[in-house]
Each structure stands twice: as C-alpha cells, then as structure tokens.
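Number of protein chains: 2
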Amino acid sequence: MKALSNYKNKPLSEVYHLQLSKPNQGDNRADVERVVAALQEKIQVPVTMPLELMYELPSALRRNNWQLFVTINYNWFPANRPEHHLQAQVVSFSAPQSQPVPYGVAVDLGSTTVSGQLWDLNSHQLVAEAACLNEQVSIGEDILSRIFYADTPEKQKHLQQLAAASVNRVITDLVQACKIKATDITAAVISGNTSMTHFLLGLPPQNICRSPYTPVLNNPCFQTAEKLGLSMHPSAAVYLLPNVGSYVGGDVLAGILASGMHRKQEISLLVDIGTNGEMILGNKEWLLAAAGAAGPALEGGVVTCGMRAKPGAVYSVQIDRNSRQVSYRTIDNLPAKGICGSGIIEAVSEALMSGIINRRGQFREGRTSLVIVPKEKSATKMPIQLTANDIAKLLRTKAAANAILATLLDQAGYDLTDLNHFYVAGAFGNYLNVEAAITIGLYPDVPRQRIEILGNSSLKGAGLLLNDISKALELAEILKKIAYVEMNDSADFMKHFTAGLFFPHTDLNLFPTVRAKLLSTTRDK
Amino acid sequence: MKALSNYKNKPLSEVYHLQLSKPNQGDNRADVERVVAALQEKIQVPVTMPLELMYELPSALRRNNWQLFVTINYNWFPANRPEHHLQAQVVSFSAPQSQPVPYGVAVDLGSTTVSGQLWDLNSHQLVAEAACLNEQVSIGEDILSRIFYADTPEKQKHLQQLAAASVNRVITDLVQACKIKATDITAAVISGNTSMTHFLLGLPPQNICRSPYTPVLNNPCFQTAEKLGLSMHPSAAVYLLPNVGSYVGGDVLAGILASGMHRKQEISLLVDIGTNGEMILGNKEWLLAAAGAAGPALEGGVVTCGMRAKPGAVYSVQIDRNSRQVSYRTIDNLPAKGICGSGIIEAVSEALMSGIINRRGQFREGRTSLVIVPKEKSATKMPIQLTANDIAKLLRTKAAANAILATLLDQAGYDLTDLNHFYVAGAFGNYLNVEAAITIGLYPDVPRQRIEILGNSSLKGAGLLLNDISKALELAEILKKIAYVEMNDSADFMKHFTAGLFFPHTDLNLFPTVRAKLLSTTRDK
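If you read the protein sequences in the order shown, they are chains A and B. So in the working numbering the end of the first sequence lands on 568, straight run, no missing numbers. So in the working numbering the end of the second sequence lands on 568, straight run, no missing numbers.
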C-alpha cells in the first residue's frame, strides 16, 4: 500500500475499467473481494465497498461477462496526518459499454456568495463555473447575526438547509451548463470560513464568536453528499477544508494552498479583504495569520451609500485632476444604486490625488461630501456620495490593515521590503484597482511585479485539492506551521494603528510610489 | 499509534472518563479535537466521531464542566490484515454523574436457532443468554429452500428482515433479563454460515449454491446496527465473521477460534455435525476444512419420525441388553413427538450393542423396525420408530463423515492416532451421547481424555472476539492458513465411503474400544 505522497495529480474521484478473471474451482473468491483486489492492484490503497452496492454486484458482473467500469473516491483522515491514511471507496459501477466521466465540484461557500466549479476529473478540465447568493442572507447579511439566530437545534438545521440549498443552486447551474446529471458528481471539495463550515455541517456556532473562540470542529474531512443534503451522487465524498480556529478558516487555508506561498523560501503576504479581512505572512518554514474586521467599511450597511458588488454598483470612479469632474462605471452598466468596496477605494484614492481630501481624510474647501452620482442619474433618486464620516470609517479600516501587517512583520522580524510576493485574494479583487488600494495605503507599496491577483483563492484552492489529492499533504504542512496572532493582545497594534490614520500612512517612506505621485500632483498645482 | 497486537483482552466497546482542560486563549482547539485528542492519548489509535454526535457535544461539555463519559467502539478493516488498521469511533457520551456499562452481544445466527449472549464488556462478565427459532424457518426449514426463495431484491430484503427480527427477539430477551435498554448495547459480533451471513446483509445468495460456489462477500467486517436493522444503539459496531467460501462460514471460523486448535502444535480435529456437517483438521501451521451434508439423516424430514431437538423430542434411548426393553427420555419430559439426532444415534448404538441390528445396519430376527415409543404413549398417536431405511440413511451419513475424515487425514499425511484433540462442536452436542456416536462410528474412537465438548462453538468464538479484539489477529491467521478440500474431487473419497458402510466401520482396528465392547457383548451371549 502506498503513501499519499505517491499520488501526485490524482483527482479525488476516478473511473477504472476492470476485466476480472471469472471464478472457478481454483479461485472462488467472493465477488466483492474479486473487485476490491483488482482495484487495489491498480491503485495500491485499501478499498472498501458500501453494502448498498453489493446487492447489485453479482448480477452486474455476470451480465457484463466480468467487465465493469468502477468509480472510486479517495479519502483520508485526519486532516493533519494524511500521509499513511489514504483509502478508497467504490461509489458506483456501470456496464462496460460506455465509460463514465468522474465529475467533481469545487465550492467556495462564502457568507455572501457561493461559487462553484465543475471539473472533469479525468482530463482535469474546468468545464463550468457558477455562483449564487448564499440563501442564508435571508437570515442575516453578516455572519454574526446568523450565529445569534442559530440558538436552537432547529435553527441550526435551518441554516444547514439554507447552506446546502445554496450549494445545490450552484450545482444545478453547473450540471445544466454541461448537460450532465447531478448524480454524475462523485466528489466535492468545499472551502468556507469556520462559521460557514459549521453552518453547512449543522453544528452549533455560538462558541465561535465567544471568548476563547472555540469551534466545535477543526477537521471535518469527509462527509457523504447524502448526509449534508447535497445534490450529487449520494455516496459522493465531500471534503470540507479544516480550520485552525474561529478566525482562520478553510477559505484562508485554501487561499494559502492556491498562492503556493507555503512552498517558497521567500517571504509572501496574502491579503483577503472580504467581510472579515485576513492576512497571512510567511514562507515554507513559518506562517503567521491574523484577522480583523477589515471588511465592514467596504460593504453595504456601514458606508452611507455602500452596497455589495452586484449589478448597479459603482465599482470604479475617476476624478479629473483639474476640473474635478467625477466619472464612474457600474457593474453591468446599470443605473447606479450604490457604491461597492472597489468603488469606495478608487473614489477616495481619486479624491486624495485630486486634492478634494487631505491626507487625514478631511474634506478641503468646506466640502461635506463627495458626490459620485448626482440624484438625477441615480437609480435610487438620491445622490450616491461619500460623507466625511464614510471616509473616516475607511481610514480606520485601512489603519487596522496597516497595523495588522506591521504587527505580523514585527513578530517575524521582517519589514515591508522583504515582501517578495504580495497575493491579493478575494472576489473583492475582481473589480479592485490595486493602484488605488496602494494609494490610500490599504495595500503595501511593493514593486508591482511582486503583486499577484489571485481572485477567489478559496475556490482555487478547493479546485486544486479536488484535482490533486497529494495537496492534502501540503495542507497538513500548512496546518502544522500556521500560527494565529491575536491583535488584541499586541501592545504594538495600537501604536501601528494610530500611525496608519493618514492616507496612505503617517510615514510616507513606507509608500515611496505614493509619495512620488503626491509630490508630482502638488507640484502640478 | 499502536498495532492491534497490543490490545489483548480489549473488548470491542469501552467507556472512558474524560476530564478535559478548559479551552483558553493559549489552547482553543475545537471541542471535537479536544475530546478526540484526549481519547487518542488513552487508547493510542485514531479516533473518529460521527457528525450526529457533534451537535450536542459543545453544550454537553460546558454543562458538565468539561467532564464526560465517552463510549467508543473499535473497528478494523480488512478482516485478513487487521494488524495496523485498528481505529476507534465515538458511539455516545454521557454526563459524569453515572458511569455507563459498555454492553455487547455475541450472536450465533444459526439456520434453525439464533442464540445470543449479553456481555458486560467492562468486567468481561456474561450477564444473560437467550435463544429463539430463526424466523426464516417460515420461508423454509433448510437453507437451500431459502436461497431458492430469495430470487428478487424484495425477497432478499424480506429474508434480511426476518434474520434481523430473529436477532432482535434474542436481544429483547437478553435486555429484559437484565433490565437494560437495547440502546445500551454498543457492540456485537455475529457468526453464521455463509448463507446466513448473506441473508442478514440482504445480499443475493444464489451463487453460494451454484458451481463454482462464489459468495458475494468474504469479509463483511463492520456494519452499523442501524444499517442492519438491529435493536441496539444505532451506531453500535456490528462485526460479522468472515467466510472462506460457501462451505466454510463464519460459524466454522468462530468454532476454530473457540477451540484454540489453530494455536496448538499437536493435531486437532473439530467436528460440527449440524445441518451441514463440517470438519476441520489441523494445527498452528495448517488447517484443512471439509463439509458435506452430514446432517439431514439426523434431523426432521429425512428420518421417518425425526424432528429437531425441541420439547417432546426423544433425545436419549436405552435398550436392556437382555430383555431388549427400550427406555427413553424426552426434552422437557413431555410426551414424545419424534426423535432428534442424539436420540437416533443412541438408539442405533443401543440396537447394535443389544444385537437388534447387525454391523451392516440390518435388522436381525425378521424385525422391520425398532419401536422406541409405542403409539399408546406417543403424543402423535403413532409409534415413534426407526425403520431399516432410516438406519440405512444414518449409515450413509456416518460413512460420509468417515470418508471426509479419512480423506483429510490422507491429504495431511496423518492417521487417527495422531489426533491429539477432538473437539465436538454444535448445539447438537448438548444432548449427544459421545460414546454412542463413537459406537456407531460417527465420531473417531480416540482416547476419551482427548475429547472436548465445545457446545455452541460458533457462539463461543463470537463471544471471544467481542471480549478481546486481538482475537482478530488470530482470525486473520486462520484465514491465511485454512484450505478447503473439495470431497467430490477426491478419488479416495468413494473408497473411504464404501469402507464406512458398516457400524462402526469395515476396519474394526480403527475403533478399538468399540471392537472390545462388541466382543464382550458377543461373549456374554
């Protein structure tokens, strides 16, 4: 039997053709053992077959002259020590006339958006992508309100069903797109933050947000699709990424996996500013994780005209340096309904560079707001604008991000110039103007060739593991190395936070390209 | 993690008291991982917890100040290579106020009778025994008729339900006897022949009795009680003994385990003459198994007045050597309804020793039958008797047993004098007069101190494994060593069979004590 490290590029589900020897007096092994032995010879790991499949096996073997296609899944346990625990399970078998394709789905179970990919695991081809709103939004926009809601087993079950229903909507779109049946899907990898994973498992989430922030479960590993109520083959292996506490969930671990930062000698920084901002600093020897509520200022509900990045949201803003004329773009070119995170960042960056606000975030020349869409053009019949208060909130969010990064660098004994790779993660990154984020100081001012936009790194990481089970070993290494740094405990955090209350920062030496731009702008005037 | 060989005398289910450290900022591992780590430290094997148990865990831990009793089951796979595959699963947890007892049942799933034992697995005490008729008898008395019946998935399911219902009746009796709940039972070991095991699993049994006699499954290992419809804790681990083909089932393997013949240097013979007669010859290096329809002549349906060993059956017969007066005993002292196997054997032995029949089994002095119970005393109002034809059938059954043993000895290169241990297995043995069985030549004439009456060795073997999981290693060794000898293929079988058509045998040198008795009887006349 081989160890997991020998299974590079093996997908989580495979189809094998078996041509078995017919039983005779010298070899009358049972049907199940005959199939299992033939599979074990091919894949070199212990194979099990669920009882349900055994009912049909004898007639299927004899009807098809001892030839079958067999679909298997791999599994292992526990998540942090998978090397010598690889096993396989038979999921289904079918007649030798037509070879089935092993399909798998990768899912990023976001608190707002659930995104999925359908993979042909035989050819390692991505065949479809889909996304939908997480149906749990009906219970509450933010995770905290869902946790407060889920205070009885019935409500936990309700949230479980909403999470499963959201994943199932994505699956429905995926299978319709390429005309397969949901039951053709025999494997899945799902990444989500710790709360979302708990919701999907139906686990009580209360202690996630109560000191000392203890999840029910760190390593869900495998569950069957049937148990979770997911529309796939009932015995499909569903792998849920582990978490390392309440604030570093499977989505972050999948992101690290997708970035490859855990295999590099050089220092990398991974930043995922979504609802809850996470930062990972490290290399192949160590990984430091931190989290903070970086997101709220960049989403609906906190900023006066804020909204999620959906059709009608202003996602890009330009301000003419001379005329201060504002132009903007909306998602799907619809009449503007509000402004999403990337729009806010670009608007403030432009306001700074065109001198509408000063480096403290205060309006100059007696202004009280920056109108981006006048009420005549807005879909809401109200001006879409940023107030002084909105900008102050963004400044604090940015200062928190600065402080987290500075604290992590302090702990590790490095500084900004040591960051060889800067990975921008999160669906947020899709519309984001990275230059603007650097201009306001939200992202560090590193040489641009060091920046890599990962997009939805949680989904990418899930897809990697789905297509290559040996990634489970990398994940185990990540679990072993990662340490969570609690910001509230850090004496330096407040000092760094205060220093961050300037655009881009009190210390302009940390933002050399922004300083240069600011100087040239001033010079131009 | 330790290998199975380190777990001598560990029962299949155990209860542990856990006093966990309370989570704090320095140790905020998840609740499940905290419990699992504490258990793993105690038992040194990987531990899993089913999702269902996780729902209640957080509140149970906090309500009980981080103390719990946890009931676990061990499991391993596959049956023939268990050494490094030992795992444990949490079955339930309970409050620290009262320590639960881990209960387990051992079951012999016989085609006629289902027998069970309830064990306190903590103290290794047998706390109750019970038995009931296999409800499948309603489908057919013999296994072959049930196999013919089970020709559709619905009928296979019906037989599965009848088998489970029979086991459940035994369990109901067991739990009522000692006032526990069925859900207190968290582990079970079930032994049965290959067909019965297939019936309990709901598997199609047809190929068991069709050349080349291929079961669906050799190694069932573990199923949950819920999956099999058994009245225990739904997650109870139910271990079904493996088979090594259609004719050497789990009941035989359990019998070998109970006898200990597989650990002795000396040669042993294990004989189980039930519905299907089985013989195992061997020692710690090799094991030869053979089977033949030895039983029918000894049961209802074949012998004119035959019946199963149940109340009202004549189980013992004495004939006065001079007066030839017949006396008899019935089970439960009820009016005689028929004669069971042990009664037939003793009646023929007595008829032989009192000169009523000759060594060919023929009646002397113009008799045509041996009346054991005259019609006036019989519950059926018919005489209970053995006819010449009945005795001829018994003679053939006996000759088959002689031939099987002789063929096995030939193959192994030993003779009768090499048999250091002779194990008499089967519920049949409960009433059996071993001397009578030797007198007619059914059992070999070995020195009496070498004979050991095992009783229900299938049930005993199941009980052993239930109380000592390291027996799984012995079972794996047995599986590795045992070879089935097909009698139909043996040229010598017919020769030995013909030589056996005398009571006790053509060659009286094989039966020295019987020869002496016959000589003294003749001398007395």
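Glycine included, every Cβ here is placed at the ideal spot set by N, Cα and C.
Mapping DSSP to helix, strand and coil, what is residue i?
i              : result
G335 (chain A) : strand
N379 (chain B) : Note on residue identity: the sequence assigns Ala, not Asn, to residue 379 (chain B). Coil at A379 (chain B), not helix or strand.
M530 (chain B) : helix
D151 (chain B) : strand
N107 (chain A) : coil
C221 (chain A) : coil
G386 (chain B) : helix
L522 (chain B) : helix
F112 (chain A) : strand
A122 (chain A) : coil
K53 (chain B)  : coil
N26 (chain B)  : The structure shown does not extend to residue 26 (chain B), since chain B is modelled only from 44 to 568, so the question has no answer here.
E495 (chain A) : strand
Q132 (chain A) : strand
I400 (chain B) : strand
Q160 (chain A) : strand
R372 (chain B) : strand
L205 (chain A) : helix
A46 (chain B)  : coil
T91 (chain A)  : strand
Less than 6 Å between C-beta atoms, sequence neighbours within five positions excluded: which residues of the same chain meet that for residue i?
i              : result
Y50 (chain B)  : I512, S513
L508 (chain A) : V232, K514
V150 (chain A) : G159, V210, I233
T482 (chain B) : S392, V557
S397 (chain A) : I362, R364, R367
A519 (chain A) : N123, P125
Over the uninterrupted beta strand (DSSP E) stretch that includes residue i, give me the two end residues.
i              : result
L61 (chain B)  : 56 to 62
Y192 (chain A) : Unbroken run through Y192 (chain A) is the alpha helix (DSSP H), 186 to 192; no beta strand (DSSP E).
G506 (chain A) : It is not in any beta strand (DSSP E) - G506 (chain A) instead sits in the alpha helix (DSSP H) that spans 500 to 510.
T482 (chain B) : Looking at the DSSP string, T482 (chain B) is not in any beta strand (DSSP E); the run it does join, the alpha helix (DSSP H), is 477 to 482.
L324 (chain A) : 320 to 325
D22 (chain B)  : It is not possible to answer for residue 22 (chain B), since the shown part of chain B is limited to 44 through 568.
V314 (chain B) : 310 to 316
With residue i as the anchor, note down where its alpha helix (DSSP H) starts and where it stops.
i              : result
L169 (chain A) : Counting along the chain, L169 (chain A) falls outside any alpha helix (DSSP H), though it belongs to the beta strand (DSSP E) covering 168 to 176.
H241 (chain B) : 237 to 244
L296 (chain A) : 293 to 302
I447 (chain B) : 431 to 455
A468 (chain A) : Careful: A468 (chain A) lies outside any alpha helix (DSSP H), inside the beta strand (DSSP E) at 462 to 468.
V75 (chain B)  : 74 to 86
L94 (chain A)  : 94 to 97
Considering only residues of the same chain and omitting the five flanking positions on each side of residue i, which have a CB-CB separation below 8 Å?
i              : result
A80 (chain A)  : R72
V346 (chain B) : A340, I382, I387, L429, D433, K436, L437
S421 (chain B) : P378, A379, K380, I427
Could you pull the DSSP bridge partners for residue i from this structure?
i              : result
F545 (chain B) : Answer by DSSP bridge pairing: none, since F545 (chain B) is not bridged.
C252 (chain B) : Partner(s): none; C252 (chain B) has no beta bridge.
A12 (chain A)  : Residue numbering for chain A in the displayed model covers 44 to 568; residue 12 (chain A) lies beyond these limits and cannot be assessed.
Q428 (chain B) : B:V414
N67 (chain A)  : A:D70
L330 (chain B) : B:G325, B:I525
I290 (chain B) : The sequence shown places Tyr at residue 290 (chain B), rather than the Ile named in the question. Its beta-bridge partners do not exist; DSSP assigns none.
G349 (chain B) : B:I382
Enumerate in chain order the residues of its own chain whose CB-to-CB distance from residue i is below 7 Å, with the five nearest sequence positions on each side excluded.
i              : result
E95 (chain B)  : none
L516 (chain A) : L47, S48, P125, E126
request  = Count the C-beta pairs between the region 434 to 442 of chain A and the region 457 to 465 of chain A that are closer than 8 Å, then say yes if the count reaches three, no if not.
outcome  = no
**OP:** Pair every Cβ in the region 326 to 334 of chain A with every Cβ in the region 524 to 540 of chain A, then say whether three or more of these pairs are closer than 8 Å.
**Re:** yes
Next item on the list: Would you check if there are 3 or more beta carbon pairs closer than 8 Å linking the region 486 to 504 of chain B to the region 292 to 309 of chain B?
Entry: yes
Stretch-stretch touch, CB-based, cutoff 8 Å, three pairs: the region 57 to 66 of chain B with the region 100 to 112 of chain B:
yes
Tell me whether the region 82 to 95 of chain B and the region 128 to 148 of chain B touch, counting them as touching only if at least three CB pairs, one residue from each stretch, are closer than 8 Å. yes
Sufficient close CB pairs (3 or more, under 8 Å) joining the region 200 to 210 of chain A to the region 168 to 185 of chain A:
yes
Would you call the region 137 to 154 of chain B in contact with the region 239 to 254 of chain B, where contact means no fewer than 3 C-beta pairs closer than 8 Å? yes
Q: Answer yes if the region 438 to 446 of chain B comes into contact with the region 541 to 552 of chain B, meaning at least three C-beta pairs across the two stretches below 8 Å, and no otherwise.
A: yes
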